[in-house]
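Visitor: Counting in my numbering, the sequence shown runs from 1435 upward without gaps.
Each residue gets a CB set at the ideal place from its N, CA and C atoms; glycine is no exception.
In this text, all values refer to a predicted model and were calculated from it rather than measured experimentally.
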Amino acid sequence: MPVTKAVIPAAGLGTRFLPATKAVPKEMLPVVDRPAIEYVVEEASRVGLRDVLLVTSRSKKAIEDHFDREAEIEAALERKGDETRLARVRASSSLAEVHSVRQSSPRGLGHAILCAASHVGNEPFAVLLGDDLIDERDPLLEEMLTVQARFGGSVIALMEVPREQVSLYGVATVEAVPSGPDDRYPIVKIRDLVEKPPVAEAPSNLAIIGRYVLAPEVFEVLRQTPPGRGGEIQITDALRTLALRAAEDPQAAPVHGVVFTGRRYDTGDRVDYLKAVIRLACERADLGPELYPWLEEYVAAGGPKEGLS
Ligand code: UTP
């Protein structure tokens, strides 16, 4: 069954980015001149997933509003004849058919995904984390959909991270899958998963990043998954159950991983957020020619010369 729906969990508290995220959802922080989540919805739309479900919360109304029409702004721009800005403002409301559901309290990513069960129904679906940006030049999601069409079951995105960072992620035990001539990234079979292990106990440095293509069986597993790490219902634990099931029963839906080697920015992390803004702005035709020479000058002059504050 082809994947047509994307679920974007965006109901987390964003504590790493406080106080900016006290009243503004972290997914609405601007990456250059668009909120981070707009890049994510655009990514889903680009691979044909035009049915998008946002999982939000009471304090995240701004996200829902962003994907709606804003008649007053549009009318003002029309009056001024500002076609460029008008097109930019309208773009967000025409990217996809955007729906939303509320997670009543932040009980974890697994719980947020479970909130999408009735919208998704009995079909495979994609999950894109609302604060995780994949550079549009790197076709990760497209590749994951191809892998899901080939093997069925679920597919997760993995990335090699420095060993000392594994305790920030879900970490995978994998088995190599022979690669085909058209594979853009290495594919692996998932044998086991553990959420945020201590560095010394991590089975590898392959970390789960924010893209998933999930079989609908995950909902039934999530309903039975008790709170795990941090007292939250973890998607990693549910995927572990699916992977262990597949190891015992060859008929059960497998879990594969795509080992991504492209550009990714975790905009919920302050340093990664700043890297994303600087890099994407430097690479933009309308901003780069002014910004990049300034950046070169700043670095050549010794950067924070007066010392770090
Ligand atoms: P994170 O752990 O990165 O988000 O969750 P967070 O909890 O908002 O961030 P910090 O650590 O406090 O700074 C990954 C994704 O899962 C969503 C988040 O919005 C983010 O997109 N999420 C997490 C939910 O939707 N609901 C939850 O209960 C937890």
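(1) Say whether the region 1507-1518 touches the region 1561-1581, bearing in mind that this needs 3 or more beta-carbon pairs closer than 8 Å, one atom from each stretch.
(2) Give the range of the alpha helix (DSSP H) segment to which residue 1653 is assigned.
(3) Does any heavy atom of ligand 1 sit closer than 7 Å to the C-beta of residue 1565?
(4) Run the proximity test for residue 1558: is its beta-carbon closer than 7 Å to any non-hydrogen atom belonging to ligand 1?
(5) Comparing alpha-carbon positions, which option in 1500, 1484, 1475 lies nearest residue 1458?
(6) Going by the DSSP bridge assignment, what does residue 1691 pair with across the sheet?
(7) Check whether the region 1650-1657 and the region 1669-1689 are in contact - that is, three or more C-beta pairs closer than 8 Å.
(8) Start and end of the beta strand (DSSP E) containing residue 1646?
(9) When the Cβ atoms of the region 1522-1533 are set against those of the region 1572-1580, are three or more pairs found closer than 8 Å?
(10) Taking three-plus beta-carbon pairs below 8 Å as touching, is the region 1686-1697 in contact with the region 1610-1621?
(11) First and last residue of the alpha helix (DSSP H) that includes residue 1527?
(12) Since residue 1635 contacts residue 1625 with CB under 8 Å, what's their CB separation in whole angstroms?
(13) Evaluate contact between the region 1706-1719 and the region 1591-1604, counting only Cβ atoms and requiring at least three cross-stretch pairs below 8 Å.
(14) Going by Cα to Cα distance, which pick from 1629, 1539, 1534 is closest to residue 1552?
(15) Any idea which residues DSSP pairs residue 1464 with across the strands?
(16) Does DSSP put residue 1712 in a helix, in a strand, or in coil?
(17) For residue 1721 and residue 1518, I'd like the C-alpha separation in whole angstroms.
(18) Residue 1738: buried (16+ other C-beta within 10 angstroms of its C-beta) or exposed?
(19) Please classify residue 1588 as buried or exposed, where buried requires at least 16 other C-beta atoms within 10 Å of its C-beta.
(20) On the three-state DSSP scale, how would you describe residue 1443?
(21) Use the C-beta contact count for residue 1452: other C-beta atoms within 10 angstroms, 16 or more gives buried, fewer gives exposed.
(22) Mapping DSSP to helix, strand and coil, what is residue 1671?
(23) Please list the terminal residues of the continuous beta strand (DSSP E) segment that includes residue 1437.
(24) Considering residue 1580, what are the terminal residues of the alpha helix (DSSP H) in which it resides?
(25) By Cβ distance below 7 Å, which residues in the same chain neighbour residue 1461 in space, the five residues on each side in sequence not counted?
(26) Nearest-angstrom Cα distance between residue 1568 and residue 1493?
Guide: From the atom records:
(1) Counting Cβ pairs under 8 Å, fewer than three are found: no touch.
(2) Unbroken alpha helix (DSSP H) run through residue 1653: 1651-1657.
(3) A heavy atom of ligand 1 is found nearer than 7 Å to the CB of residue 1565.
(4) Not under cutoff, so the answer is no.
(5) Of the residues 1500, 1484, 1475, the one whose Cα lies closest to the Cα of residue 1458 is 1500.
(6) Within the DSSP bridge table, the entry for residue 1691 names 1590, 1622 as partners.
(7) Judged by Cβ distances under 8 Å, the region 1650-1657 makes contact with the region 1669-1689, as three or more pairs qualify.
(8) Boundaries of the beta strand (DSSP E) around residue 1646: 1640-1648.
(9) Here the region 1522-1533 makes no contact with the region 1572-1580; the two share fewer than three CB pairs at distances below 8 Å.
(10) Flag = yes, the region 1686-1697 and the region 1610-1621 touch.
(11) Counting along the chain, the alpha helix (DSSP H) containing residue 1527 begins and ends at 1517-1528.
(12) Rounded, the Cβ-Cβ distance is 16 Å, inconsistent with contact.
(13) Contact check between the region 1706-1719 and the region 1591-1604: fewer than three CB pairs, one atom from each, fall below 8 Å, which does not count as touching.
(14) Here the closest residue by C-alpha is 1534.
(15) Residue 1464 is bridged to 1469.
(16) Per DSSP, reduced to three states, the secondary structure at residue 1712 is helical.
(17) When rounded, the distance between both Cα atoms is 16 Å.
(18) Using a 10 angstroms sphere on the CB of residue 1738, the tally of other CB atoms stays under 16, which defines it as exposed.
(19) That one is buried.
(20) DSSP places residue 1443 in strand when its eight states are reduced to three.
(21) Classification of residue 1452: exposed, given that the 10 Å Cβ count is below 16.
(22) Of the three classes helix, strand and coil, the one that applies to residue 1671 here is helix, per DSSP.
(23) Looking at the DSSP string, residue 1437 is not in any beta strand (DSSP E), and its letter there is neither H nor E.
(24) Here the alpha helix (DSSP H) through residue 1580 covers 1574-1585.
(25) 1444, 1469, 1470, 1471, 1497, 1564, 1565.
(26) Rounded to the nearest angstrom, the gap between the Cα atoms of residue 1568 and residue 1493 is 25 Å.
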